[in-house]
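So the sequences go chain by chain: Y and E. Counting in numbering that gives the first Met the number 0, the first sequence tops out at residue 363, every number present. Counting in numbering that gives the first Met the number 0, the second sequence tops out at residue 510, every number present. Input: a single structure, listed below in structure tokens.
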Amino acid sequence: MNVTTKHSITTLQFTLLIHGTQLGVGMLQIPRILAEQAGTDAWLSIIMNWIVSTAIGLLIIQIMKINPDRTMPDLFKHYFGKIFGALLTLVFIVFFTLTAVVEILRGMLFVKVWLLPETPDYIILITFVIPGYMIIRKGIQVLGRYAEMMFFCSLWIPILYLLPLRDGSWLNLLPIPKDGFLPIIHAAIKNSYSFFGSEIAFLLYPMLIRKENASTAMIVGNSLTMLAYLLATLVCFIYFGPDAIMKYNEPSVSVLKTIEFRFIERLEILLFTAYLFTVFKTWMSFIWAASYSVGKVIGKAFMYRFLQISLFFVVLYSVVYSHSFYENDLMQLWLGRASIFLSYAFPLFLYLYTRIIIRIRKYR
Amino acid sequence: MRIFSKYSRINKNRHDAIPDNPEQSISHSPVQPSLTKNIAILESLFSDTSDLTVRFLEIKNLSRQAALVYLEGLSDKDMINNHILRPLIQISDEASAEIPVSIGQVRKENNWGRLEEAILEGRSVLLIDQREEAYILGTQGWPQRAVSTPHVEHSIKGAQQALVETSIQNIALIRRYIQNRELKNKIVQVGTRSKTKISILYLEDLANPDLLETLLGRIQKINVDGILNSGELAEWIEDNPHSPFPQFLITERPDIAAAHILQSRFVIVVDGSPNVIIAPASFTMFFSSMDDYGSNWVVESFIRLQRYFGFFIALLLPAFYIAVISFNYEIIPLKLLLSVGESRGRVPFPSLIEALIMEFAIEMMREAGIRLPSPIGQTIGVVGGIIIGQAAVQAGIVSNIMVIIVALTAIASFILPSYEMASGIRLVRFPMMLLASQFGVFGIMIGLLILIAHFISLESLGTPFGSPVAPIHFADLKDSFIRFPMWKIMKIPTNTRALQSDRRKHKDDTK
Numbered sequence: 000m001n002v003t004t005k006h007s008i009t010t011l012q013f014t015l016l017i018h019g020t021q022l023g024v025g026m027l028q029i030p031r032i033l034a035e036q037a038g039t040d041a042w043l044s045i046i047m048n049w050i051v052s053t054a055i056g057l058l059i060i061q062i063m064k065i066n067p068d069r070t071m072p073d074l075f076k077h078y079f080g081k082i083f084g085a086l087l088t089l090v091f092i093v094f095f096t097l098t099a100v101v102e103i104l105r106g107m108l109f110v111k112v113w114l115l116p117e118t119p120d121y122i123i124l125i126t127f128v129i130p131g132y133m134i135i136r137k138g139i140q141v142l143g144r145y146a147e148m149m150f151f152c153s154l155w156i157p158i159l160y161l162l163p164l165r166d167g168s169w170l171n172l173l174p175i176p177k178d179g180f181l182p183i184i185h186a187a188i189k190n191s192y193s194f195f196g197s198e199i200a201f202l203l204y205p206m207l208i209r210k211e212n213a214s215t216a217m218i219v220g221n222s223l224t225m226l227a228y229l230l231a232t233l234v235c236f237i238y239f240g241p242d243a244i245m246k247y248n249e250p251s252v253s254v255l256k257t258i259e260f261r262f263i264e265r266l267e268i269l270l271f272t273a274y275l276f277t278v279f280k281t282w283m284s285f286i287w288a289a290s291y292s293v294g295k296v297i298g299k300a301f302m303y304r305f306l307q308i309s310l311f312f313v314v315l316y317s318v319v320y321s322h323s324f325y326e327n328d329l330m331q332l333w334l335g336r337a338s339i340f341l342s343y344a345f346p347l348f349l350y351l352y353t354r355i356i357i358r359i360r361k362y363r
Numbered sequence: 000m001r002i003f004s005k006y007s008r009i010n011k012n013r014h015d016a017i018p019d020n021p022e023q024s025i026s027h028s029p030v031q032p033s034l035t036k037n038i039a040i041l042e043s044l045f046s047d048t049s050d051l052t053v054r055f056l057e058i059k060n061l062s063r064q065a066a067l068v069y070l071e072g073l074s075d076k077d078m079i080n081n082h083i084l085r086p087l088i089q090i091s092d093e094a095s096a097e098i099p100v101s102i103g104q105v106r107k108e109n110n111w112g113r114l115e116e117a118i119l120e121g122r123s124v125l126l127i128d129q130r131e132e133a134y135i136l137g138t139q140g141w142p143q144r145a146v147s148t149p150h151v152e153h154s155i156k157g158a159q160q161a162l163v164e165t166s167i168q169n170i171a172l173i174r175r176y177i178q179n180r181e182l183k184n185k186i187v188q189v190g191t192r193s194k195t196k197i198s199i200l201y202l203e204d205l206a207n208p209d210l211l212e213t214l215l216g217r218i219q220k221i222n223v224d225g226i227l228n229s230g231e232l233a234e235w236i237e238d239n240p241h242s243p244f245p246q247f248l249i250t251e252r253p254d255i256a257a258a259h260i261l262q263s264r265f266v267i268v269v270d271g272s273p274n275v276i277i278a279p280a281s282f283t284m285f286f287s288s289m290d291d292y293g294s295n296w297v298v299e300s301f302i303r304l305q306r307y308f309g310f311f312i313a314l315l316l317p318a319f320y321i322a323v324i325s326f327n328y329e330i331i332p333l334k335l336l337l338s339v340g341e342s343r344g345r346v347p348f349p350s351l352i353e354a355l356i357m358e359f360a361i362e363m364m365r366e367a368g369i370r371l372p373s374p375i376g377q378t379i380g381v382v383g384g385i386i387i388g389q390a391a392v393q394a395g396i397v398s399n400i401m402v403i404i405v406a407l408t409a410i411a412s413f414i415l416p417s418y419e420m421a422s423g424i425r426l427v428r429f430p431m432m433l434l435a436s437q438f439g440v441f442g443i444m445i446g447l448l449i450l451i452a453h454f455i456s457l458e459s460l461g462t463p464f465g466s467p468v469a470p471i472h473f474a475d476l477k478d479s480f481i482r483f484p485m486w487k488i489m490k491i492p493t494n495t496r497a498l499q500s501d502r503r504k505h506k507d508d509t510k
């Protein structure tokens with residue numbers, strides 16, 4: 000029987016939620032940011048990031064396998080006691096919220112640059128927040144449906160990316176590696192934030208109907224993200240070459256500028272608009288994760304309250320203060336640093352910790 | 000004697016200033032052993048009811064006085080005269096039968112409330128002297144329309160019978176397609192005054208009992224004086240009545256109803272309405288018609304895709320025009336932009352006003368076309384097409400391109416088989432246009448996003464309305480955007496939560 004309750008997601012939804020959480024605004028700039036670090040070899044660092052991120056994701060699944068019904072707050076409470084558990088949850092709530100806020104503000108900035116340079120920030124944010132709130136309010140199932148639908152609705156975008164390859168030069172990629180592996184590793188570390196998002200599995204795993212598929216779903220979700228980044232990066236590298244790519248702020252959009260059909264010019268505007276659907280997935284997942292954790296810790300009623308208040312403050316912030324790319328970059332940098340601890344080091348630590356606890360219990 | 004005094008008190012009450020709801024208490028009184036008393040009760044129940052006929056007679060077999068009561072016009076006179084009155088008056092050979100009537104439905108009843116109901120339903124009531132039971136005879140026969148061809152949902156190859164206003168006939172029309180004893184029929188009465196009979200048809204070995212319970216619960220909760228129409232009922236039991244999308248499919252075709260019963264859905268027949276409600280519905284149901292299954296799957300798939308294309312045109316084309324004209328003119332090629340500019344050169348309004356003028360004009364024309372008597376209806380076409388279309392362009396109120404766009408939009412919205420869905424889309428178009436005029440392409444995207452947010456959280460009878468798109472069910476996609484060959488579609492849609500997934504199996508097989 001296929002009866003699903005309000006708080007359960009299918010394997011496909013689980014996969015695409017993880018993929019959707021990872022793939023966001025970063026996509027637009029990733030070729031340039033990578034190229035600044037490691038030139039045209041930098042696509043290798045995406046693969047490195049993918050390997051690390053998948054490994055961490057699988058560790059998270061391993062942790063959750065021992066505690067299949069505990070969501071993140073319960074898990075922390077179980078392992079670290081009431082006070083430390085709550086503190087740790089709080090850290091994650093702040094992390095999720097800030098990530099969502101940075102992401103939503105960044106989305107707003109891009110809309111401002113590409114589509115609506117004259118419109119006030121807060122109006123763009125209000126148009127972001129209304130549909131976002133409508134979806135998040137309905138819970139994970141609807142969010143999962145959104146991730147599913149948008150994934151399949153945006154499958155035409157990769158095909159468009161193949162078109163600039165006609166005019167590109169594959170020689171731009173050679174030789175591999177140009178300056179050794181060190182810059183590639185540097186680029187991978189600097190760019191690690193583009194893969195964070197698999198830690199949402201801490202919250203999603205208990206809702207998954209078929210838990211035996213979780214590992215596969217984690218690998219597939221990460222791989223989809225990797226493929227998307229890799230496609231954009233490689234196409235940009237091949238098309239622009241190692242030098243020209245630095246001149247574009249959002250090379251993933253600009254690369255499509257040259258495509259022109261008889262019936263449509265400036266395809267990149269339409270593409271960018273369509274890509275916003277994907278951008279929404281990311282910040283919605285994060286703010287859902289934050290509000291769900293709040294609901295778990297304090298009480299269900301606070302879940303909606305938290306959601307409303309945080310979204311309201313984002314809008315209010317843009318009313319009183321004009322957000323700039325520079326500030327956003329700075330915030331992203333700090334979040335990237337935090338993410339190395341929270342998204343990568345912490346799951347590893349937690350995994351070892353659970354193993355040790357199991358050992359100790361066995362000896363007893 | 001005690002009963003009599005109670006009764007007289009009630010009778011007195013009727014003329015008092017404050018009636019103590021006297022019908023209520025009479026309704027619960029039992030049938031009296033005396034014919035005269037019964038007639039008195041009857042007269043107090045149905046005072047000032049000139050279409051109530053009371054025929055006094057003597058039943059020869061029993062040699063008793065009796066009275067036959069029915070509402071003229073609601074009952075079949077031929078049947079009453081030939082099959083009830085004649086055998087009762089004449090001496091019958093069949094001495095064994097208690098009352099020698101030759102009709103199908105005969106039932107004994109001793110409660111006046113039930114008798115009253117029966118009379119109002121068009122049955123006849125036979126009251127016999129010195130009996131504490133009356134007979135209810137099934138003689139319903141009211142003026143009704145003959146079964147005719149569908150008016151709204153035309154079909155080229157499908158059956159040409161449409162549902163009528165009598166629920167029994169509608170059930171029969173549907174049952175003709177499914178001759179299976181698993182086809183069940185649950186009756187609920189709704190409406191404190193109208194007492195509308197609502198029948199739910201479903202296949203018992205297929206349909207999910209939880210959904211049936213939800214449906215019954217919702218119908219029983221309705222507290223209203225009368226339900227006259229199936230659309231009215233649909234609004235009472237919809238999951239989200241504020242949505243522009245219909246959450247139940249309403250059809251006038253018995254074959255569509257039967258097709259959906261076979262897919263483990265519920266069909267709700269409202270007495271007095273020539274439409275039935277099909278629940279639970281999913282989005283893709285509104286894009287399929289009976290003709291889709293009538294010929295080659297390749298051709299029909301193309302037609303289906305065309306409908307989805309039409310859906311997006313009807314929803315977005317005017318908005319896209321506004322966005323391109325007033326915001327993102329860089330999207331369209333220069334040559335096209337020049338010809339649009341040339342055509343718009345004389346128009347003094349912004350594109351939103353221009354679009355609104357034409358959209359409202361065509362909406363009004365559509366509505367006028369429905370309301371006008373059919374001989375005058377054709378003039379609307381002339382007035383709309385020639386006068387408004389051509390003259391408005393010449394006068395410089397709207398541009399040529401706008402006329403093309405409005406015409407395309409109107410045609411696109413009419414190719415949807417479901418009238419309710421098409422109306423919903425026509426409505427949603429206007430906010431889309433407003434958003435497009437404020438934010439351009441970005442506004443359309445935001446509008447779509449709000450629509451999607453609404454769409455994926457919408458439910459029909461507690462099942463996801465967006466199925467099989469959101470949540471995705473790959474097997475169900477075979478009969479959605481394109482129609483696979485018939486032998487490939489052997490699964491029952493997941494969102495109906497059917498008890499079995501293969502449509503070929505039925506209960507007898509497993510035994």
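Beta carbons: idealized from backbone N, C-alpha and C, even for Gly.
Shown here for Ala133 of chain E: same chain residues with a beta carbon closer than 8 Å to its own, the five before and five after excluded, namely Val30, Asn37, Lys107, Glu108, Asn109, Leu114, Val124, Leu125, Leu126 and Ile127 in chain order. Leu84 of chain E is positioned such that its CB atom lies no closer than 7 Å to that of Ile58 of chain E. C-alpha of Ile277 of chain E to C-alpha of Ile170 of chain E: approximately 13 Å in a straight line. Residue environment: Asn327 of chain Y is assigned as buried (16 or more neighbouring CB atoms within 10 Å of its CB, all protein chains considered).
Distance from the CA atom of Val293 of chain Y to the CA atom of Ile286 of chain Y, rounded to whole angstroms, is 10 Å.
One Cα belongs to Asp270 of chain E, the other to Ser459 of chain E, and the distance between them is close to 23 Å.
Residue pairing by DSSP puts Asn110 of chain E in a beta bridge opposite E:Pro29.
For Pro116 of chain Y and Asp478 of chain E, the gap between their C-alpha atoms comes out near 44 Å. Within the same chain, Cβ atoms closer than 7 Å to the Cβ of Leu450 of chain E are found at Val427, the five residues on either side in sequence being excluded. Residues of chain E with a Cβ closer than 7 Å to the Cβ of Pro130 of chain Y are, in chain order, Ile445, Leu448, Ile449 and Ala452. The Cβ neighbour count for Tyr320 of chain Y, taken over all protein chains shown within 10 Å, is under 16; the residue is labelled exposed. By the criterion of a C-beta distance shorter than 6 Å, Ser288 of chain E is surrounded in its chain by Pro416, once the five residues flanking it on both sides are discounted. Here the alpha carbons of Leu33 of chain Y and Tyr418 of chain E stand approximately 53 Å from one another.
Per the C-alpha coordinates, the member of E:Met444, E:Ile385, E:Phe265 and E:Gln389 positioned closest to Phe311 of chain E is E:Met444.
At a Cβ-Cβ threshold of 7 Å, Tyr192 of chain Y and Ser52 of chain Y do not count as neighbours.
Take Ala257 of chain E, set aside five residues on each side of it, and the residues of its chain with a beta-carbon closer than 7 Å to its own are Ile173, Tyr176 and Ile177, in chain order. Rounded to whole angstroms, the Cβ separation of Pro470 of chain E and Glu147 of chain Y is 6 Å, and the two are in contact under 8 Å. In this structure, Asn494 of chain E and Ser281 of chain E form a Cβ contact; the two beta carbons are roughly 5 Å apart against a cut-off of 8 Å. At least one CB atom of chain Y sits nearer than 7 Å to the CB of Pro470 of chain E. Against chain E, the CB of Glu264 of chain Y has a partner CB under 7 Å away; the residue lies at that interface. Flagged as an interface residue toward chain Y: Glu329 of chain E, by a C-beta distance shorter than 7 Å. Chain Y places no beta carbon closer than 7 Å to that of Ile481 of chain E, leaving this residue out of the contacts. Interface flag for Arg144 of chain Y against chain E is set, since a Cβ pair is found closer than 7 Å. Burial check for Arg192 of chain E: the Cβ neighbour count within 10 Å stays below 16, so the residue is exposed.
Under the criterion of beta carbons closer than 8 Å, Leu108 of chain Y and Phe324 of chain Y qualify as touching, at roughly 6 Å. Excluding its 5 nearest sequence neighbours in each direction, Thr96 of chain Y has C-beta neighbours in its own chain below 8 Å: Phe285, Ile286, Ala289 and Ser309, listed in chain order.
Beyond the five residues adjoining it in sequence on each side, Leu316 of chain E comes within less than 8 Å, by CB distance, of Ile404, Leu407, Thr408 and Ala411 in the same chain, given in chain order.
One Cα belongs to Ala391 of chain E, the other to Met364 of chain E, and the distance between them is close to 15 Å. Of Y:Tyr352, Y:Ala187, Y:Lys299 and Y:Gly298, the smallest CA-CA separation from Leu43 of chain Y is found for Y:Ala187. Uninterrupted alpha helix (DSSP H) stretches at least 4 residues long and entirely within the region 101-175 of chain E occur at 111-119 and 166-174, given in chain order. When Cβ-Cβ separations below 7 Å define contact, Met245 of chain Y makes no contact with chain E.
Under the three-state reduction of DSSP output, Phe55 of chain E falls in the strand class.
Assigned with DSSP and collapsed to three states, Gln246 of chain E falls in coil, not helix or strand. Excluding residues up to 5 positions away in sequence, nothing lies with its Cβ nearer than 6 Å to the Cβ of Val468 of chain E in the same chain. Between the C-alpha atoms of Leu87 of chain Y and Ile60 of chain Y there is a straight-line separation of about 19 Å. Arg365 of chain E is not bridged by DSSP to any residue.
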